[in-house]
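In order, the protein sequences belong to chains A, B and C. Under the numbering used here, the first sequence has 360 at position 360, and the numbering climbs by one with no breaks. Position in the second sequence (from 1) plus 1000 gives the number in the numbering used here. Position in the third sequence (from 1) plus 2000 gives the number in the numbering used here.
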Amino acid sequence: MDKNAIKERSLERYKAERDWFAFLLEASDLMVGPEMQLQSKLLKILVESKQKVVDCVENDDPFIAAYFCNAPELFNAMDLPWFMLMETPFLGASAPYLIDDIQGAEEIGIGTDLCTAIRLPIYYIESGLMPVPTAVIGLLSPCDGAPMLHQVLRHNKAWRNIPIYAADPPYSSDDRAIKYYARELRSMVDFLEEHTERKLDMDRLKSVCEESNRTYSLWQEYNELRRAKPSPHGWEIGGPQAFAISQCFIAGSPKCTQWFEQLLECGEIRVREGRGANDNHEEKIRLLWFDIMPYGWIFEFMPWLEEEWGAVIVMDMFANFPYTLVDTSTEESMFYSLAKRNLIDSPMIRQARGTAENFSADISRMVKDYHIDCVIWPGHMGHKDGAATAGIMRDTCRDLGVPFLHIGLDLFDKRYTTVDEVKSKVSQFFTAMDLG
Amino acid sequence: MSGLGEGSTSVFDDSLEKIAGYIAGLCERGRPYREYRLPPGREDALHEIVAKVGPGANPGIILRSDTFVELGNPSAGSCACLLWTNDCSRVDDGRIRVIGSDVPESAGKSLAFGQVVMVAGSSLGPEQHPSLEQAQYVADQVEGYMVKTASRNMWGRVSKEAGAKGFDFKTLGGALRVLVKDAAAEVEAVEVLFVTSSKEDVAALASIAGKVRQAAETVVKEHWKARGYDLDCDLSCASCDDKGVCDDIRDVVATIKKNLRRRESGERAGNGERSDDKSVA
Amino acid sequence: MLVGGCDIGSTTGKAVVLNEKSIVSQYIVSSTTRPEETARQAMDAALELAGIASIDDLAYVVGTGYGRTKVPFANENISEITCHGRGAHWLDPEVRTVVDIGGQDCKVVSIDSRGKTVEFVMNDRCAAGTGRFFEAMARVLDCGLEGISSLENQGPNPCTITNQCSVFAESEVVTLINEGTELPDLIAGINLSVANRLFSMVKRVGLVEKLALTGGCSKNQGLAKALEKKLGVEVTTLPEDPQVAGALGAALIAKERAAA
């Protein structure tokens, strides 16, 4: 294949994804209501972000592959477009190509015991279906699967010469650990400056971090609204969108802050009016979904929870604990705060890196603060990091007197445990525990 | 289990000393504390405070427009910790101390906020720690007061309605005392310190709180270990049950590297692609 | 006041009639292909035993089990998890862990001091650890279910059956037979393999004594012994036929509903 053909192929799936979300954007534009406007804005930002990467590939401009917990404020401050290697499964949204791609991964021999969120990017990389960036910022926590993905990059012909840097996450979370990680982030910046010809300007970083702080303050404020009974929003709006927009797409930008202002406004109106997440179905069960949403089949399951059971996802893992605010007084304090935020506060990393006490502490806090009726640990097949802690979560919930369900499923592949099976298990659970 | 070792009182005793020193230091620098005292009995203590306390005491949420005073916004300065000891002489039950402004004199302000809850009970141990730790995050249990679900900060707000009723730190301290005692029957004494004098003063307290947090981590690990869960890794291969797995993985990695080198040299020699190689570049 | 509970499983249907204090009658029938028919047969038989003329004489009826939504005369249907927990608890108030081994599924239910479900785990995806597995093995060994169940038939050296899947386990047992493994050791090995399966389920929920078995397979003494050895605790013997625990639990809930 010639160079242009390779480039075009590398954008095939990416463009298909952009187009899928452009289609959803068109559909959402036709719907009324402030929440739909928020969804529209999010989709627009998503499509624009993807287009930016497409433009970079087509114009041979620098861009990188990275992750949400690599202090994306730094990328924004360097004006460096980026995409997440695991973007496709996280954005899943019941996309039409998802199952075919998962099947494709199996057909080229990628082990089915590997987390689907890792399997899909490996498939895209091995099949030439992922844009090849200027550089890669890797991820070494929280799970073993993540480093596996980067080993694949080293073996793949198209990627093996792409420079890669992975900040080394320490095991502990004390001051020494945070300072160490701050130094790792500085090294990351040096690496990016060397390979992308972009420079980090400290004034710009300060401005981005201050904006990011404004965003997170608003997110924090919004989260408190979900304590209200009924919760003003459920699965459709809130945590996952907030996370995506503030961490994956436009970290530290005024557009991000504006989105949160609108989110907060919507939420406050609903709280004052006493309106719940679903205007047609009463909130009967307040649910803590302690993981990522099942992005691969979200539209087939989540509405059913509210409609069938009045079960509202009041809080989930990725919506909780908006991050430490960045101290922008000095360069050192900025890197320290960013290190703290990304080492200690990033969801999933917070729970699964290092020692496991946050599985218990976080559940305890959320159950209490959000008046949770039951906790669901989906038991995603790839969560080897979390599977070992199921007992801790179970015992914590028992101590709290709150029912706990461990399902066992694939958040992205609905063939693993079918949607009907999940619905059956959840229904059994609600019935057995006298919920709803 | 009582205490963490023979003759020891608790891992927090050192921090209790530091807090006493911190308070004395502030007094010397012209920032004395004001003191409230609550009676020993639960009901008597509740009579003396202006808020209801208990599950559902604050049924709604406090919106930002309904805020009388904000406490502990991270930009203003915030820290909190709870520590306990088996030595009841170290904790003055019912004493509430405030360094800096109290709530009634701070209408409309966003105050730096430090909160320290000191607990004593001769038979307190690691198994009570999680309940005590959670008790300081009051959720909906104090009428007119709400603490945000924020990591590592104590970020709260007092409602206008509560402010109008005279909500103060005596109320908040009294409420915390009730909630902590309700959390564990082994608690015999609770004392609370609030600091709102300045961001710098709260930052100084935060460094002590950091030590408390570290000590608490040890306690939490011990608590879970007693229940059969090992939260930690002592980073020693010699004592690790999974050493055999790691040894096998090293062999696997070595084989993979060898195969990769073989493949690369084969490609360089122009021997062509592997038949199952899906790389396109 | 009389109430009824009807538990429609894949292999058997059970009915219990209860008064304020005790079980008036109980009956077990083989399941037909139609759950409504199974329910009628079981309940009609229980009513006849109780000397009750008509289902209308029952103040309230609760259906449960696999076919619970198809019990035509039920006022309400309740999950079998809840019902087995309640039934076992009523039979022995000290029971806290219930292991129900049915025809097509098995479950472990942890209950509190009021018989309320605290947690549960189910295997409803495959035949491992269920009546179907025992039926398959009984066919291969040509000894009948009673042969597998009886304590006298358990060999001292249970063979190891490595396959969890009943299809592959069947092949494995055939191989063991051809290798000359003694029948008692095969029987003991089969019971042990199910006990192993149940052990991991019990561990997942968390074992709290006392532990009781319910469901049709609970009458397998060999299994009970193997599970006792595996868990290191005694399996409590319930005072009534444990196979009706689900129907009994349903009847108990019916009693509460009728009184409300």
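The beta carbon of each residue, even a glycine, is placed where N, CA and C say it ideally should be. The model shown is predicted, which means the values in this text are computed figures rather than measured ones.
Open item on the list: Please list the terminal residues of the continuous alpha helix (DSSP H) segment that includes Q1136/B.
Closed with: In the second sequence, counting from the first residue as 1, residue 1136/B sits at position 136. Bounds of any alpha helix (DSSP H) do not take in Q1136/B, whose DSSP letter is neither H nor E.
Task: Extent of the continuous alpha helix (DSSP H) run through D1201/B - done: In the second sequence, residue 1201/B corresponds to position 201, counting from 1. Start and end: 1199-1226.
Task: According to DSSP, residues forming a beta bridge with H380/A - done: If you number the first sequence from 1, residue 380/A lands on position 380. Partner(s): L409/A.
Task: Under 8 Å by beta carbon: chain A residues contacting S2079/C - done: Mapped onto the third sequence, residue 2079/C falls at position 79. What S2079/C touches in chain A: Q428, T431, A432.
TODO: Have a look at G2150/C and V2118/C and give me their C-alpha separation to the nearest angstrom.
DONE: Looking up residue 2150/C in the third sequence gives position 150. Looking up residue 2118/C in the third sequence gives position 118. It should be noted that the sequence gives Ser, not Gly, for residue 2150/C. If I take the Cα positions, the gap works out to 33 Å.
- [ ] Could you check the C-alpha separation between A1281/B and Y165/A for me, to the nearest Å?
- [x] Numbered from 1 along the second sequence, position 281 holds the residue referred to as residue 1281/B. Numbered from 1 along the first sequence, position 165 holds the residue referred to as residue 165/A. Per-residue confidence for A1281/B stands at a pLDDT of 30, beneath the threshold of 50, marking its modelled position as unreliable; the derived number appears in the next sentence. A1281/B and Y165/A: Cα-Cα distance of roughly 22 Å.
- [ ] Determine the DSSP secondary structure at N2019/C, reduced to helix, strand or coil.
- [x] If you number the third sequence from 1, residue 2019/C lands on position 19. The answer is coil: DSSP assigns N2019/C none of H, G, I, E or B.
Task: Helix, strand or coil at R1097/B [DSSP, three-state] - done: Start at 1 with the first residue of the second sequence, and residue 1097/B comes out as number 97. Strand.
- [ ] Could you check if R1090/B is buried or exposed, using at least 16 other CB atoms within 10 Å of its CB as the buried criterion?
- [x] In the second sequence, counting from the first residue as 1, residue 1090/B sits at position 90. Buried, because 16 or more other Cβ atoms sit within 10 Å of the Cβ of R1090/B.
- [ ] Output the residue ranges of the alpha helix (DSSP H) runs that lie fully inside the region 2115-2175 of chain C and measure 4 residues or longer, sorted by chain position.
- [x] Whole alpha helix (DSSP H) segments, 4+ residues: 2131-2141, 2144-2149.
Task: Cutoff 6 Å; reference P232/A; Cβ partners in own chain excluding five residues on either side - done: As a first step, residue 232/A is located in the first sequence; it is residue number 232 there, counting from the start. Excluding positions up to five away in sequence, the list reads L225, G267, R270, V271.
TODO: At 9 Å on the CB atoms, spell out the chain C contacts of R394/A, in chain order.
DONE: Mapped onto the first sequence, residue 394/A falls at position 394. Around R394/A, the beta-carbon contacts reaching into chain C at under 9 Å are E2119, R2204, V2205, G2206.
Open item on the list: Taking the beta carbon of D1/A as the centre, do at least 16 other beta carbons fall within 10 Å, making it buried, or is it exposed?
Closed with: Position 1 of the first sequence, counting from 1, holds the residue named residue 1/A. According to the sequence displayed, residue 1/A carries Met and not Asp. Under this definition M1/A is an exposed residue.
Open item on the list: Does any residue of chain B have a CB that is nearer than 7 Å to the CB of R227/A?
Closed with: Working through the first sequence from its first residue, we reach residue 227/A at position 227. Answer yes: the Cβ-Cβ gap between R227/A and chain B drops below 7 Å somewhere.
Open item on the list: Determine whether the beta carbon atoms of N1058/B and S1110/B lie at a separation below 7 Å.
Closed with: Within the second sequence, numbered from 1, the residue matching residue 1058/B stands at position 58. Within the second sequence, numbered from 1, the residue matching residue 1110/B stands at position 110. No, Cβ-Cβ distance for N1058/B and S1110/B is not below 7 Å.
Open item on the list: Suppose the cutoff is 7 Å on Cβ atoms and the five residues either side in sequence are ignored; what does the same chain contact list for F359/A look like?
Closed with: Taking the first residue of the first sequence as position 1, residue 359/A is located at position 359. The answer, listed in chain order, is Q351, T389, I392, M393.
- [ ] Work out the CA separation of T2082/C and K2229/C for me, nearest whole Å.
- [x] Locating residue 2229/C in the third sequence gives position 229, counting from the first residue. Locating residue 2082/C in the third sequence gives position 82, counting from the first residue. Distance between the alpha carbons of K2229/C and T2082/C: 27 Å.
Open item on the list: G2004/C and L2058/C - do their beta-carbons sit closer together than 7 Å?
Closed with: Looking up residue 2058/C in the third sequence gives position 58. Looking up residue 2004/C in the third sequence gives position 4. For L2058/C and G2004/C, yes; Cβs fall inside 7 Å.
TODO: Compare the C-beta of D385/A against all C-beta atoms of chain B and say whether one is closer than 7 Å.
DONE: Counted from its first residue, the first sequence places residue 385/A at position 385. Answer no: the Cβ-Cβ gap between D385/A and chain B never drops below 7 Å.
- [ ] Select from the region 2020-2054 of chain C all residues with a C-beta closer than 8 Å to any C-beta belonging to chain A, and list them in chain order.
- [x] none
Open item on the list: Helix, strand or coil for W259/A? Go by DSSP, reduced to three states.
Closed with: Counted from its first residue, the first sequence places residue 259/A at position 259. Helix, per DSSP.
TODO: Grab the span of the alpha helix (DSSP H) containing A2212/C for me, first residue to last.
DONE: The count along the third sequence starts at 1 and reaches residue 2212/C at position 212. Per DSSP, A2212/C belongs to no alpha helix (DSSP H); it is in the beta strand (DSSP E), 2211-2214.
Open item on the list: Quick check: is the beta carbon of L80/A nearer than 7 Å to any beta carbon in chain B?
Closed with: As a working mapping, residue 80/A is identified with position 80 in the first sequence. Cβ-Cβ to chain B under 7 Å: no for L80/A.
Task: Proximal residues of chain F, C-beta to C-beta of D175/A below 8 Å - done: Here chain F cannot be found, since the structure's protein chains are A, B and C.
Open item on the list: So with CB distances below 9 Å, who are the chain B contacts of D345/A?
Closed with: For the purposes of this step, residue 345/A is taken as residue 345 along the first sequence, with counting starting at 1. Proximity of chain B to D345/A at the Cβ level (cut-off 9 Å) is accounted for by S1151, R1152, in chain order.
Task: Contact with chain A by S1008/B, beta-carbon distance below 7 Å - done: Taking the second sequence and counting its residues from 1, one reaches residue 1008/B at position 8. Low local confidence applies: a pLDDT of 44 at S1008/B is under 50, so the model's placement there is unreliable, with the coordinate-based value given in what follows. Taking Cβ atoms only, chain A never reaches closer than 7 Å to S1008/B, which makes this a no.
Open item on the list: Distance cutoff 7 Å, beta carbons only. Does A356/A sit that close to anything in chain B?
Closed with: Start at 1 with the first residue of the first sequence, and residue 356/A comes out as number 356. With a threshold of 7 Å between beta carbons, A356/A makes contact with chain B.
TODO: Would you mind telling me which residues of chain A sit closer than 9 Å to T2069/C, beta carbon to beta carbon, in chain order?
DONE: Numbered from its first residue, the third sequence carries residue 2069/C at position 69. Correct list: empty, because the minimum Cβ distance to chain A is about 11 Å.
TODO: Please work out which residues of its chain come closer than 7 Å, Cβ to Cβ, to R1095/B, disregarding the five sequence neighbours upstream and downstream, and give them in chain order.
DONE: Along the second sequence, read from residue 1 onward, the residue named residue 1095/B stands at position 95. Answer for R1095/B: E1035, R1037, E1191, listed in chain order.
Open item on the list: Counting only C-beta atoms, is P163/A closer than 7 Å to chain B at any point?
Closed with: Against the first sequence, residue 163/A aligns to sequence position 163. So no, P163/A is outside the interface.
Task: Unbroken stretches of the beta strand (DSSP E), 3 residues or longer, contained in the region 1142-1207 of chain B - done: The qualifying runs are 1145-1147, 1156-1159, 1189-1195.
Task: Where L1004/B sits in the DSSP three-state scheme - done: Stepping through the second sequence from its first residue, residue 1004/B is reached at position 4. For L1004/B, the pLDDT reaches just 44, beneath the cut-off of 50, and the residue's location in the model is therefore unreliable, although a value from the coordinates is still provided. Here L1004/B sits in coil by DSSP.
Open item on the list: Strictly below 8 Å CB to CB, what residues from chain B border H155/A?
Closed with: Mapped onto the first sequence, residue 155/A falls at position 155. By Cβ distance, chain B contributes L1260.
Open item on the list: Check whether the region 2073-2093 of chain C and the region 2192-2200 of chain C touch, using three or more Cβ-Cβ pairs below 8 Å as the test.
Closed with: no
Open item on the list: So within the region 100-146 of chain A, which uninterrupted alpha helix (DSSP H) runs reach at least 4 residues, ignoring any that extend past its ends?
Closed with: 116-126
Open item on the list: Run through the DSSP bridge pairs and tell me what F404/A is partnered with.
Closed with: In the first sequence, the residue the question calls residue 404/A occupies position 404. DSSP lists V375/A as partners of F404/A.
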